[in-house]
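Data first, discussion second: the structure below is written as structure tokens.
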Amino acid sequence: MKAHLVSALMLALLASAGVHAEPKTSGVDLGGIDSSVRPQDNFFLNLNGKWLAQTEIPSDKSSWGSFEKLDDDTKPQLRAIIEAAAADPNKQSGTDAQRIGDFFASYMDEARLEELRLAPLKADFDRVAALSDKRMIPALIAHFNRYGYTAPFGFVIHQDNKDSTRYVADLVQDGLSLPDRDYYLKKSDKKLTDTLARYEQHVANMLSLAGNANAAADARAIVALETDIARLHWTKVELRDPVKAYNKVAIDKLPKLAPGYDWTTWLNDTGIGGKVDYVIVSQPSYISGFNKLLNQTPLATWKVYFQWQVLHANAPYLARDFAQENFAFYGKVLSGVNEQEPRWKRGVNATDAALGEALGKLYVEQHFPAERKARMEQLVKNLLAAFGQSIDTLDWMGPETRKQAQAKLAKFTTKIGYPNKWRDYSALVVAKDDLAGNVQRSHAFAYAKEVNKLGKPIDRDEWGMTPQTVNAYYNPELNEIVFPAVILQPPFFDAAADDAVNYGAIGAVIGHEISHGFDDQGAQYDGDGNLRDWWTKADHKNFAAKTRMLVKQYNAYSPVKGYHVNGELTLGENIADNSGAAIAYKAYLLSLGGKPAPVIDGLTGEQRFYMGFGQVWRAKIRDAQQIVYLKTDPHSPDQFRANGTVRNQPGFYQAFGVKPGDKMYLAPKDRVIMW
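This is the structure:
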């Protein structure tokens, strides 16, 4: 039976590759290679060194690489679609064309923003000013939740992790205006303490622009309160544990968690009340701690905190001085960016954020040929089949767990390109002269869509990304892998290139997302999306030993002096990078049907595979933004996604003749081979 499976897979792979009459290019950017660096010593620098030396990060970007360039290249396409919608003489009020065109027009009308100043925020400022008692705060927090403003806690609607047939509300910690608790609490880090001081000045500047005569003192109080909130926050590593975060609390038991808090008002005002009889409290200690902090902190401090959050959330959509001050901190200080993107790009981003699927529908009609989807579907089938073969040959997994892993793999759902059914935006009102109002209404529209899921069947057609998003994802609750249309372009997929580089690039991306179903988090869910332990004790032990090795490897990497990768925070993505590359390589070798790959540009097929993989992670990043990522991003820095992965791949050693003494070399006993 196993031999039959291999033969069927080979036939599918060969059919996908096809027999091309025209010669294929290597797909490798030879001009980016730095031949003074040996691939055996630093693969990433060898492959990308000349590109790194010759490339400047654009002044309006915090980083620049494969993902950012493809995203930037897509912006003019989206702008053309938006402007065509705006110029359509036949467009009618209440259509997607009207909404898209008018949203963008409201962003570009700077004169109107200068005229309005703070007028769009008056209702919310008045709501905050009307706080005369802390008992009114639950209603205000519910209002903030609805409009996407930062509040001490919020909630998300998703599938119940232990009953994947129903939606549930998860209460989650929130309340900070900086990326991570370390910015408030890590006093030994001069860069972070300097950022905190400059953040306080930024808050004061913004409050002053808004007419607050006590701006400096109020800014100090806001930072002190956010610091108290930060002390209660779970760390990013703690947040990765889905079992620890699953705390089912009956609605009538919420007062026990936070005595005195008006849960009835909050539940009713959010729209959750009456739709569920329980919620999931992701961080119970935080909710209890916040309740105590609410009682201990003066009402006056809460009022200026909420005033600040209204201003902060809306700043990019206000008059020039507010938008510039917002960029001066969040762009320049926090991310190291020298200048703002052109206004039209920011307008495209804002329109995309509010009307993503309406814009995406038009994008795929113009820029996503049907043959790309068909090719991607075949590639995914190939990678899933290769992953299934890999499970059967694992030396560290027993037959009982292996059977369960195969059962989960068989239930994977694949989504490629764009949704089968598009989102209906008819309830969203967009006005040509009301940018801040448009943004607020778009948040409320998205919020209502989420809350209305409660009590209804699971929507398995829904997408969590738009077709024009340069990314991909795995959702453990739906056990699905999703690949938006835009990513099926160079350097991820090159139709003119030989298959080797495509297996190394888009193939590894596919393998990466499949592997998320079996990383340290995804492996805790079964094929139906339920949080369930389907492992034997022995296999748990073997898996844990491998993950410890991977954590240790990545902890040693340092992209910025004094800062290291957090191997625990990045563990899931590191597993997926390593496993995805390994599976893609197996699939590539099978696609050759036992024949040698052609040598192109003096490179073997195996070398081109790994070079295709390494090109995807070509990137430069500003130090300030890199520090943000190290604190918050579950992905490792790009150079270590390349080097850290290939060091664990036996095929890489064979392809480039890596030997003991080479800097890329890891002894076989130290290589982590998981899936």
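According to the UniProt record's numbering, the sequence shown holds residues 1 to 675 in order. Yeah, the Cβ is synthetic: ideal placement off N, Cα and C, and Gly gets one too. Since the model is a prediction, treat every value here as computed from it, not as a measurement.
Alpha carbon of residue i to alpha carbon of residue j, nearest angstrom
{"i": "Lys631", "j": "Pro242", "result": "20 Å"}
{"i": "Thr570", "j": "Gly271", "result": "35 Å"}
{"i": "Asp498", "j": "Leu603", "result": "12 Å"}
{"i": "Asn555", "j": "His564", "result": "6 Å"}
{"i": "Arg532", "j": "Gly572", "result": "18 Å"}
{"i": "Gly644", "j": "Pro650", "result": "13 Å"}
{"i": "Leu592", "j": "Leu478", "result": "33 Å"}
{"i": "Arg343", "j": "Phe656", "result": "46 Å"}
{"i": "Gly517", "j": "Tyr525", "result": "8 Å"}
{"i": "Phe125", "j": "Ala119", "result": "10 Å"}
{"i": "Val430", "j": "Trp422", "result": "19 Å"}
{"i": "Lys546", "j": "Met674", "result": "7 Å"}
{"i": "Phe67", "j": "Asn471", "result": "8 Å"}
{"i": "Leu131", "j": "Asp277", "result": "30 Å"}
{"i": "Lys162", "j": "Ser282", "result": "14 Å"}
{"i": "Pro637", "j": "Ile583", "result": "22 Å"}
{"i": "Thr264", "j": "Glu238", "result": "29 Å"}
{"i": "Lys408", "j": "His443", "result": "35 Å"}
Beta-carbon proximity list for residue i, same chain, < 7 Å, skipping 5 on both sides
{"i": "Leu209", "result": "Asp321, Phe322, Glu325"}
{"i": "Gln489", "result": "Leu70"}
{"i": "Phe327", "result": "Gln340"}
{"i": "Pro152", "result": "Ile141, Asp174, Gly175, Ile229, Phe290"}
{"i": "His367", "result": "Gln77"}
{"i": "Asn212", "result": "Asp218"}
{"i": "Pro58", "result": "Trp64"}
{"i": "Glu450", "result": "Ile157"}
{"i": "Leu257", "result": "Val249, Val281, Pro284, Ile287, Ser288"}
{"i": "Asn420", "result": "Asp461"}
{"i": "Thr297", "result": "Leu225"}
Exposed unless 16 or more other CB atoms sit within 10 angstroms - verdict on residue i
{"i": "Gly331", "result": "buried"}
{"i": "His540", "result": "exposed"}
{"i": "Glu606", "result": "buried"}
{"i": "Lys599", "result": "As written in the sequence, residue 599 is Val, which differs from the Lys given in the question. Result: exposed."}
{"i": "Ala21", "result": "Any reading at Ala21 needs caution, since the residue's pLDDT is 43, under 50, leaving its predicted position unreliable; the model's value is listed next. Classification for Ala21: exposed."}
{"i": "Gln309", "result": "buried"}
{"i": "Gly356", "result": "buried"}
{"i": "Ala667", "result": "exposed"}
{"i": "Pro399", "result": "exposed"}
{"i": "Ser93", "result": "exposed"}
{"i": "Thr401", "result": "buried"}
Under 9 Å between C-beta atoms of residue i and residue j
{"i": "Tyr447", "j": "Arg135", "result": "no"}
{"i": "Lys381", "j": "Ala485", "result": "no"}
{"i": "Phe104", "j": "Thr351", "result": "yes"}
{"i": "Gly527", "j": "Lys411", "result": "yes"}
{"i": "His635", "j": "Ala581", "result": "no"}
{"i": "Lys663", "j": "Gln40", "result": "yes"}
{"i": "Ile100", "j": "Ala427", "result": "no"}
{"i": "Leu30", "j": "Ala642", "result": "no"}
{"i": "Ala385", "j": "Ala87", "result": "no"}
{"i": "Thr301", "j": "Ile222", "result": "yes"}
{"i": "Asn438", "j": "Asp102", "result": "yes"}
Run of the beta strand (DSSP E) containing residue i, from where it starts to where it stops
{"i": "Lys186", "result": "Run containing Lys186: none; DSSP gives neither H nor E here."}
{"i": "Phe412", "result": "Phe412 -> no beta strand (DSSP E), and no H or E assigned at all."}
{"i": "Phe483", "result": "480 to 484"}
Neighbourhood of residue i by C-beta distance below 6 Å, restricted to the same chain and skipping five residues each side
{"i": "His233", "result": "Gln173, Arg181"}
{"i": "Val348", "result": "Lys75, Leu78, Arg79"}
{"i": "Leu311", "result": "Met206, Ala210"}
{"i": "Ala405", "result": "Ile391"}
{"i": "Leu550", "result": "Asn574, Val672"}
{"i": "Pro660", "result": "none"}
Extent of the continuous alpha helix (DSSP H) run through residue i
{"i": "Arg166", "result": "From DSSP, Arg166 is part of no alpha helix (DSSP H) but of the beta strand (DSSP E) over 163 to 173."}
{"i": "Trp302", "result": "299 to 314"}
{"i": "Tyr585", "result": "571 to 591"}
{"i": "Asn382", "result": "370 to 393"}
{"i": "Asn475", "result": "It is not in any alpha helix (DSSP H) - Asn475 instead sits in the beta strand (DSSP E) that spans 473 to 475."}
{"i": "Lys248", "result": "Careful: Lys248 lies outside any alpha helix (DSSP H), inside the beta strand (DSSP E) at 248 to 250."}
{"i": "Tyr278", "result": "Unbroken run through Tyr278 is the beta strand (DSSP E), 278 to 281; no alpha helix (DSSP H)."}
Contacts around residue i, its chain only, beta-carbon distance under 8 Å, and the 5 residues preceding and following it disregarded
{"i": "Phe155", "result": "Asn145, Ala169, Asp170, Leu171, Val172, Thr270, Ile272, Val279"}
{"i": "Val501", "result": "Ser26, Gly27, Val28, Asp494, Arg608, Phe609, Met611, Gly612, Gln615"}
{"i": "Thr55", "result": "Trp64, Lys620"}
{"i": "Ala53", "result": "Asp34"}
{"i": "Glu377", "result": "Thr414, Ile416"}
{"i": "Lys303", "result": "Val128, Ala129, Leu131"}
Contact test: residue i Cβ vs the ligand FAD heavy atom, cutoff 8 Å
{"i": "Thr632", "result": "For the structure depicted, the ligand FAD is absent and the ligand set is empty, with no information on it obtainable."}
Cutoff 9 Å: residue i Cβ touching any chain B Cβ
{"i": "Leu47", "result": "The structure shown has no chain B; it contains just one protein chain."}
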